[in-house]
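Protein chains in written order, with the numbering used here: chain A, 245 to 668; chain B, 245 to 668; chain C, 245 to 668.
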Amino acid sequence: MKRELVAVVLAGGAGSRFWPLTTNKIVFPFFGKSLFDFSVRDVLPKEVSRAVIIAGRNNRDALGAVGLPIPSVTVLQQKPLGMADALLAAASEIAGSELVILIADDLTDSGLIKRVVARGRTSGAFGVIPGWKTERYFPGGYLKIENHRIVGITEKPGEGKAPSPYVAISGHYVRSSDVLLGELTRTGTTGGDDAYERALTTIAQHEEFVMEPYEGNFVSLKYPWHVLDGMEYLLSRLASHRGKGVSICDHVVIEGNVYLDDGVKIFENTKIVGPCYIGKNTIVGNNNIIRTSHIGSNCVTGFNTDITRSYIGDRCWFHSNYIGDSVVEGEVSMGSGAVLANLRLDDGEIATREGDHKIPTGRNKLGGIIATGVRIGVNASVMPGVKIGEKCFVGAGVVLSVDLPEQSFCQQKTEYILGKNTKA
Amino acid sequence: MKRELVAVVLAGGAGSRFWPLTTNKIVFPFFGKSLFDFSVRDVLPKEVSRAVIIAGRNNRDALGAVGLPIPSVTVLQQKPLGMADALLAAASEIAGSELVILIADDLTDSGLIKRVVARGRTSGAFGVIPGWKTERYFPGGYLKIENHRIVGITEKPGEGKAPSPYVAISGHYVRSSDVLLGELTRTGTTGGDDAYERALTTIAQHEEFVMEPYEGNFVSLKYPWHVLDGMEYLLSRLASHRGKGVSICDHVVIEGNVYLDDGVKIFENTKIVGPCYIGKNTIVGNNNIIRTSHIGSNCVTGFNTDITRSYIGDRCWFHSNYIGDSVVEGEVSMGSGAVLANLRLDDGEIATREGDHKIPTGRNKLGGIIATGVRIGVNASVMPGVKIGEKCFVGAGVVLSVDLPEQSFCQQKTEYILGKNTKA
Amino acid sequence: MKRELVAVVLAGGAGSRFWPLTTNKIVFPFFGKSLFDFSVRDVLPKEVSRAVIIAGRNNRDALGAVGLPIPSVTVLQQKPLGMADALLAAASEIAGSELVILIADDLTDSGLIKRVVARGRTSGAFGVIPGWKTERYFPGGYLKIENHRIVGITEKPGEGKAPSPYVAISGHYVRSSDVLLGELTRTGTTGGDDAYERALTTIAQHEEFVMEPYEGNFVSLKYPWHVLDGMEYLLSRLASHRGKGVSICDHVVIEGNVYLDDGVKIFENTKIVGPCYIGKNTIVGNNNIIRTSHIGSNCVTGFNTDITRSYIGDRCWFHSNYIGDSVVEGEVSMGSGAVLANLRLDDGEIATREGDHKIPTGRNKLGGIIATGVRIGVNASVMPGVKIGEKCFVGAGVVLSVDLPEQSFCQQKTEYILGKNTKA
């Protein structure tokens with residue numbers, strides 16, 4: 245008799261690197277759904293009969309509301325101490341089961357996890373781990389492979405030092421939760437954030453772990469600009485659609501796959517170049533250009549706006565703006581002529597700051613990261629990679645090159661030179 | 245035998261509250277005509293045989309030129325001391341007559357004054373006063389009514405203290421000018437600016453005054469932003485029209501009632517959403533959007549301009565501008581990217597200053613008030629409610645949040661950080 | 245037997261007045277060709293059998309590459325000491341010939357030089373000089389004429405002091421180079437930069453010089469804004485053309501003579517008003533307006549750009565810009581909302597600086613003069629007549645009213661007023 249197959253969903257990260265966007269990134273909205281729907285719900289193999297979601301204090305409430313077609317329970321991880329700690333926190337819920345371990349902020353093609361589970365159940369292997377083949381260095385756990393067996397996982401080996409081109413990603417199948425929990429207990433969680441990888445490496449000495457190779461899409465939403473990567477990937481899977489009550493005026497050009505949700509209105513002389521998603525009841529104004537972007541529901545893009553490769557959430561208002569390679573979370577308004585610039589004058593890589601650290605983003609094109617409730621004045625310019633916290637106001641004409649903490653009001657100091665106009 | 249019915253037109257206000265716009269507000273232009281045409285000429289009942297226009301020093305010359313279909317005379321009121329003083333200044337011209345008293349900066353539906361006069365002449369009442377029913381507090385004279393008779397007028401009672409919901413507005417019918425002049429003489433004009441209302445209250449003790457109720461449109465042009473109220477009202481009465489020599493290029497969309505005067509040209513990809521008026525020989529450029537606005541004659545709106553709920557006078561030049569909820573008197577030019585912002589970041593009510601006083605405008609959307617001959621540089625931003633006096637220059641990139649007196653030249657102090665470009 | 249007719253091409257000027265544009269102005273590109281092609285190659289009479297090009301150190305290499313359909317040799321003029329010095333530098337190459345002397349930065353109608361040479365060879369005159377009739381004062385050499393003979397040339401006589409309305413321009417025919425060289429040697433080159441004119445005046449005492457009157461176009465490219473004059477003239481001669489692989493999207497309007505070179509793409513809702521030239525593989529984006537302009541090859545004009553009466557070289561990138569009456573040499577990019585302003589607020593004549601001197605440009609409309617490799621940030625404003633040297637960066641939001649030397653990085657000093665947002 246087979247054991248019960250349980251999906252363990254790791255969703256307990258603090259999300260602080262995702263600042264200024266929501267700490268509930270697991271439910272970050274895409275297409276009127278949430279990241280969770282794409283990273284977990286859509287990829288669940290049919291053999292899974294129960295889900296155990298491990299949440300943090302920051303997102304337990306939000307995760308309670310996610311819907312799955314199978315019974316699920318949410319377990320609280322007291323502190324964001326990594327995967328090993330998370331699994332141990334859920335020990336009583338997962339004991340005596342087969343496991344498939346999902347990372348809730350990782351996006352993969354919907355068939356991958358299903359293949360992993362099918363292989364785990366039909367082969368004799370103790371574990372199956374998806375190995376994402378990547379050319380470019382990725383700061384994750386790399387698989388060490390000998391004779392077609394995984395013999396270890398090296399966490400963040402550094403560029404050029406990876407034992408293989410394969411990164412272990414979401415969707416680990418483990419035949420026995422008890423073996424894993426036992427080893428995790430022995431390993432302990434105090435030796436660094438790679439305790440899980442070390443435990444797996446130990447088990448792999450006597451049990452067979454095999455790799456399910458994967459060359460498809462993989463996006464891990466750690467930093468806020470990863471929203472753009474996630475969006476790009478999810479848009480690539482989107483089909484064209486015209487919802488109910490969609491209205492499209494004359495001289496509108498729509499190219500490629502464009503999903504227009506119910507009640508969308510598009511005014512004259514606007515061009516939409518897919519893939520694009522436009523959410524419910526959003527109004528795309530006259531003379532716009534929208535390319536490769538996600539626009540949430542109940543937005544108004546106004547006259548003459550250019551939105552390119554950007555994520556826009558719900559209830560945003562624009563008006564003659566340029567928004568390039570930017571993330572605009574929701575309830576944001578921008579005055580006429582305000583720009584989210586997306587390119588340095590020297591075309592160099594755009595870095596952001598995280599406290600005192602400079603974080604390279606790996607992007608030469610990156611605009612602003614704008615949290616919920618921000619308002620930006622007319623003719624303001626937000627420099628590439630700048631992050632603006634929730635409910636900030638940015639005054640007219642400001643050239644903003646620093647991040648703004650939540651609820652700031654930033655104006656530019658103005659000194660007038662006032663004289664008599666002798667030329668009038 | 246009936247007495248002669250004389251229209252007394254009160255036009256002697258100093259107009260200083262109308263700053264920075266013309267002190268001759270009585271002839272403020274709408275649709276190639278003037279305020280006077282709408283507030284006086286169009287509403288005159290046919291029973292009126294003569295008009296006495298009471299002008300101030302500031303506008304006597306302009307008022308001499310207004311045209312009426314009946315004989316008229318202009319009387320000078322030496323100082324702007326209110327209605328009582330104005331009527332006494334015209335005493336010799338109006339003695340022995342029936343009167344209908346018109347306030348030249350008040351706009352009402354064209355039938356109201358006619359109804360007032362008809363009722364005055366057919367009923368036995370001594371006087372008829374139009375009572376405008378308003379939900380929102382208006383700083384005017386409120387009617388006190390008992391047993392269907394007006395028993396008094398309370399000037400600016402303060403919010404919540406009005407004796408009725410009815411404000412006395414332009415168009416008072418009085419059966420005997422002599423009774424009125426006598427009482428005004430007794431009352432005197434030194435006891436405050438409500439001498440007229442006090443005199444009427446006294447007369448009402450023994451003569452019958454009745455109210456003609458009115459729930460139509462009423463706009464009193466006291467402050468410059470009232471031009472927008474007047475415009476909105478007058479636009480609502482405008483029918484569609486295509487003048488001689490009008491030229492409309494391809495891909496132009498015109499919706500609603502739009503009056504295009506002779507010689508108007510509209511270039512490609514422009515949308516006009518009525519009600520709108522476009523004056524003679526004005527050129528509306530490519531890729532514009534014009535909504536609910538008045539544009540005077542001989543303007544050029546240039547490329548990519550957005551004019552929304554705004555009054556634009558004659559001979560203005562725009563170019564890639566946003567002009568929202570603004571008054572632009574005439575002969576104004578704006579450089580590419582200049583914006584008249586119309587909304588505070590907090591969506592709050594917009595106030596203006598009058599000397600040391602802060603004046604609430606009652607508007608959450610209000611742009612700039614720009615007098616004749618102003619020029620605004622490229623990428624300049626004028627903050628909501630800012631007033632700019634005649635013949636001012638505003639430099640490129642200025643973020644203007646203060647009013648400018650006539651003939652100012654305002655630039656923003658600029659300090660460059662100049663270095664070697666090591667990235668080129 | 246006739247002597248050999250040699251074309252002497254004067255191309256040895258230092259070109260420093262042409263700053264910030266290339267010192268090789270003789271090969272300044274127009275329509276994928278060069279100035280030289282229009283000023284020399286196209287105007288060469290068929291009777292010319294050989295060309296002697298006199299180059300300076302700054303442009304000898306570039307001039308070596310120009311192509312002529314007849315044998316040619318390039319001679320180095322050591323220093324830019326004027327026409328007399330240049331001709332003497334080429335003495336050994338031109339001895340014993342008939343001459344036609346061309347000035348390589350002067351543009352004339354293609355028939356003029358041919359008429360001059362034909363007249364020189366058929367009449368008995370020793371010399372023929374084209375006399376350009378001009379109403380407005382031009383700082384050149386004016387012809388003094390008596391009894392249909394030229395009796396002298398007065399160099400820069402000053403306004404109102406010209407001996408005739410005729411300016412001596414490119415294309416002097418001289419029957420004997422030896423007579424000219426002899427007189428130039430006697431005159432010497434040390435007495436000022438009018439040595440050539442003085443020598444001609446002396447020869448004219450005993451030899452017959454006649455004038456070929458000319459009322460056609462004449463442009464001398466001395467200062468960088470003369471590129472606009474040259475462009476305007478050359479555009480006026482351009483016919484409509486659609487190259488191979490040209491693609492024009494829907495709702496594009498093209499009026500007048502527009503030359504679209506191979507591979508040009510024009511996106512929706514764009515209007516092009518000729519005369520215009522668009523170079524190979526250039527992409528004109530959506531919702532643009534392009535009027536009376538030259539755009540080089542491999543440019544992208546982006547969304548919503550307005551280019552009016554401007555010269556744009558190769559490989560430029562724009563995006564929601566206004567570029568009016570400007571010269572943009574090549575490899576220039578401008579961020580969204582950046583503007584090259586072309587009009588003073590007082591509509592006055594625009595002056596530029598050359599060291600400590602203020603140079604009037606004779607233009608009321610003149611934008612920026614932007615050299616190769618410049619990058620301009622979003623919402624920056626470049627004031628009329630400002631010159632920016634090669635490889636400069638101009639930061640976002642800068643209002644630039646000074647010239648920038650090569651490879652400068654110019655930012656505007658920004659001081660933030662940062663507070664708590666109590667209104668959010």
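C-beta atoms are modelled at their ideal positions from N, C-alpha and C, and glycine is treated no differently.
Quick one: grab the DSSP three-state call for Asp550/A.
strand
Quick check for students: name the residue ranges of the beta strand (DSSP E) that lie wholly in the region 312 to 355 of chain C, counting only runs of 3 or more.
316 to 320, 342 to 347, 350 to 352
Bounding residues of the alpha helix (DSSP H) (the contiguous stretch that carries Thr429/A)
421 to 431
Near Thr429/A, which residues of its chain fall below 8 angstroms by C-beta distance, leaving aside the five closest residues on each side in sequence?
Leu332
By Cβ distance, which residues of its chain are closer than 8 angstroms to Lys524/C, with the 5 residues on each side in sequence left out?
Gly276, Gly487, Asp505, Asp506, Gly507, Val508, Ser541, Asn542
Exposed or buried, what is Gln322/C when buried is set at 16 or more other beta-carbons lying within 10 Å of its beta-carbon?
exposed
Considering only residues of the region 553 to 577 of chain A, which uninterrupted beta strand (DSSP E) runs meet the minimum length of 3 residues and lie entirely inside it, listed in chain order?
555 to 558, 566 to 568, 571 to 574
How many whole angstroms separate the CB atoms of Ala348/C and Val253/C, which I take to be in contact at a CB cut-off of 8 angstroms?
5 angstroms
So Ile314/A and Ser283/A are supposed to be a Cβ contact under 8 angstroms. How far apart are they, rounded?
Contact flag wrong, Cβ pair sits at about 16 angstroms.
Whole alpha helix (DSSP H) runs in the region 366 to 403 of chain A with 4 or more residues, listed along the chain?
none
CA-to-CA distance, Pro628/A to Val643/A, given in whole angstroms
11 angstroms
Within chain A, the residues that Gly581/C reaches when beta carbons sit closer than 8 angstroms
Tyr566, Gly581, Val583, Asn623, Ser625
When you compare the CB positions of Ile522/A and His416/A, do they come within less than 8 angstroms of one another, or not?
no
Determine, using beta carbons only, whether Val571/A and Val471/A come nearer to each other than 8 angstroms.
yes
Is the region 572 to 580 of chain C touching the region 615 to 624 of chain C, taking contact as three or more C-beta pairs under 8 angstroms?
yes
Check Phe511/A in the structure and name its three-state DSSP category.
coil
Find the residues of chain B that neighbour Gly641/A, judging by a C-beta separation of less than 9 angstroms, and give them in chain order.
Asn623, Ala624, Ser625, Gly641, Val642, Val643, Gln656
Touch check for the region 400 to 410 of chain A and the region 376 to 388 of chain A: three-plus C-beta pairs under 8 angstroms?
yes
DSSP three-state call for Met245/C: helix, strand or coil?
Interpretation of Met245/C is limited by its pLDDT of 42, a score under 50 that renders its predicted location unreliable; the figure taken from the coordinates is listed afterwards. Coil.
Buried versus exposed call for Met245/B [16 or more other C-beta atoms within 10 Å across all chains shown]:
Low per-residue confidence applies at Met245/B: pLDDT is 43, beneath 50, and the placement is therefore not dependable, though the value from the model is reported in the following sentence. Counting Cβ neighbours within 10 Å, Met245/B comes out exposed, since fewer than 16 surround it.
Tell me whether Leu472/C sits in a helix, a strand or coil according to DSSP, three-state version.
helix
Hey, Ile539/A and Ile567/A: beta-carbon distance below 8 angstroms or not?
no
N- and C-terminal bounds of the alpha helix (DSSP H) containing Phe453/C
Not the alpha helix (DSSP H): Phe453/C falls in the beta strand (DSSP E), residues 453 to 458.
Residue interval of the beta strand (DSSP E) (run including Ala299/B)
294 to 299
Name the one or two DSSP bridge partners that Leu504/C has.
Arg486/C, Ile522/C
For a test of the three-state rule: what should DSSP assign to Leu265/A, helix, strand or coil?
coil
For the alpha helix (DSSP H) that contains Gly308/B, what are its first and last residues?
304 to 308
List the DSSP bridge partners of Ile603/B.
Thr596/B
Kindly give me the distance between the Cβ atoms of Phe274/B and Leu478/B, rounded to whole angstroms, as I take these residues to be in contact under 8 angstroms.
5 angstroms
Residue range of the beta strand (DSSP E) that includes Leu662/C:
660 to 664
Shortest alpha-carbon distance to Leu648/A belongs to which of Val630/A, Ala295/A, Tyr660/A?
Val630/A
Pairwise C-alpha distance: Ala339/C and Leu325/C
20 angstroms
Rounded Cβ spacing between Gly256/C and Gly300/C (contact assumed at less than 8 angstroms):
4 angstroms
Is it buried or exposed, Arg553/C, if we count other Cβ atoms within 10 angstroms and call 16 or more buried?
buried
Nearest to Phe262/A (by Cα), restricted to the options Glu337/A, Ile298/A, Asn302/A, Glu451/A
Asn302/A
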